[in-house]
Amino acid sequence: MNVLKIAAFSEGQTGGNPAGVVIGDALPSTAQMQAVAAEVGFSETAFAAPIDGGWRVRYFSPQSEVLFCGHATIALGAALALRHGDGVFALTLNQAEITVEGRREGNVIAAALQSPPTRSAPAAPALVAEALALFGYTPSDLDARIPPAVAHAGANHLVLSLHSRQALSAMRYALEAGRALMQRAELTTIVLVHAESAQRFHTRNPFASGGVYEDPATGAATAALAGYLRDLRWPHGGAIDVVQGEDMGMLSRLHADISPVAGSSVRVSGTARVMAA
Numbered sequence: 000m001n002v003l004k005i006a007a008f009s010e011g012q013t014g015g016n017p018a019g020v021v022i023g024d025a026l027p028s029t030a031q032m033q034a035v036a037a038e039v040g041f042s043e044t045a046f047a048a049p050i051d052g053g054w055r056v057r058y059f060s061p062q063s064e065v066l067f068c069g070h071a072t073i074a075l076g077a078a079l080a081l082r083h084g085d086g087v088f089a090l091t092l093n094q095a096e097i098t099v100e101g102r103r104e105g106n107v108i109a110a111a112l113q114s115p116p117t118r119s120a121p122a123a124p125a126l127v128a129e130a131l132a133l134f135g136y137t138p139s140d141l142d143a144r145i146p147p148a149v150a151h152a153g154a155n156h157l158v159l160s161l162h163s164r165q166a167l168s169a170m171r172y173a174l175e176a177g178r179a180l181m182q183r184a185e186l187t188t189i190v191l192v193h194a195e196s197a198q199r200f201h202t203r204n205p206f207a208s209g210g211v212y213e214d215p216a217t218g219a220a221t222a223a224l225a226g227y228l229r230d231l232r233w234p235h236g237g238a239i240d241v242v243q244g245e246d247m248g249m250l251s252r253l254h255a256d257i258s259p260v261a262g263s264s265v266r267v268s269g270t271a272r273v274m275a276a
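Numbering (numbering that gives the first Met the number 0), first residue to last: 0 to 276.
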């Protein structure tokens, strides 16, 4: 099985979040896809096969299937552009229909996805308390302008906004405790965010539910965050920029365009680079 390795949301030829991409005539069995994802070891591997008018896509972390993964979708868009030329590609996921576009630009590929529809709701106080304890934070670490919420853009993410960049940089937690919390609360990730300005955010993204301590770039969580900011009537001006992976030494850049229509898709874009085999 030929696995392409592509880092999504890269900073030119560095940084980004590595994803595996497998494109075949048909999808392998669920057991085969899970085994390949575990062997590749990246936070997600995308598997794609042609169907009428587009591509059937499934995503697997090393330990479980994921309903939607943003960075692996960007990586898939780059792979499809390399194979079929620049274009917009229709994707059928387990629970959504989305698109990804890829465009070659020298040594990198520009790619953008349209997320599944978004929604958000205030996070339960008990969940917030447990999450704060997991990371060693207290309520005084939170930025009251962006209250804790469960945000959705194809998967659920707990959003915790921190009032200082230092608190974000200090993030630590126990992987097994994080996995138990996320599985119990049906969360794909937890989004820890610091608002540098109304349109520029720094984020960190623990992904313990998939057996990954932290992702350096997370398109699905960025889409969910953007949708939540829209619901919150945050003064985003129609777009936000997200810097992620700094504290991991894997600088990544994500851009989200936010339409004014409540619940609508978010466009998340960035560049991708092909990694050595």
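Glycine is no exception: its CB is placed at the ideal position from the N, C-alpha and C atoms.
C-alpha gap between residue i and residue j, whole angstroms
i           : j           : result
residue 166 : residue 193 : 9 Å
residue 23  : residue 217 : 25 Å
residue 30  : residue 138 : 42 Å
residue 41  : residue 62  : 11 Å
residue 151 : residue 237 : 19 Å
residue 220 : residue 97  : 16 Å
residue 53  : residue 131 : 42 Å
residue 253 : residue 37  : 26 Å
residue 126 : residue 84  : 45 Å
residue 69  : residue 243 : 14 Å
residue 2   : residue 234 : 41 Å
Reduced DSSP secondary structure (H/G/I, E/B, other) of residue i
i           : result
residue 72  : helix
residue 127 : helix
residue 187 : coil
residue 212 : strand
residue 153 : coil
residue 226 : helix
residue 119 : strand
residue 221 : helix
residue 85  : coil
residue 133 : helix
residue 175 : helix
Close beta carbons around residue i, own chain, < 8 Å, minus the five adjacent residues each side
i           : result
residue 27  : 0, 21, 35 and 46
residue 76  : 88, 99, 100, 101, 108, 110, 111, 112 and 271
residue 274 : 4, 5, 6 and 17
residue 178 : 207, 208 and 210
Cβ neighbours of residue i in the same chain (closer than 7 Å, five flanking residues each side left out)
i           : result
residue 129 : 180
residue 186 : 155, 156, 157 and 208
residue 116 : 262, 263 and 264
residue 135 : 171
residue 120 : 148 and 149
Neighbourhood of residue i by C-beta, 6 Å cutoff - its chain only, sequence neighbours within 5 removed
i           : result
residue 199 : 240
residue 93  : 66
residue 229 : 257
residue 162 : 142
Segment limits, beta strand (DSSP E) that includes residue i
i           : result
residue 143 : That residue, residue 143, is in no beta strand (DSSP E); it is neither H nor E in DSSP.
residue 240 : 238-243
residue 113 : 107-113
residue 98  : 96-104
residue 7   : 3-7
Alpha helix (DSSP H) segment containing residue i, residue limits
i           : result
residue 164 : 164-168
Practice task
Please go through the segment 16-58 and give each complete alpha helix (DSSP H) segment of 4 or more residues, from N-terminal end onward.
Solution key: 29-39
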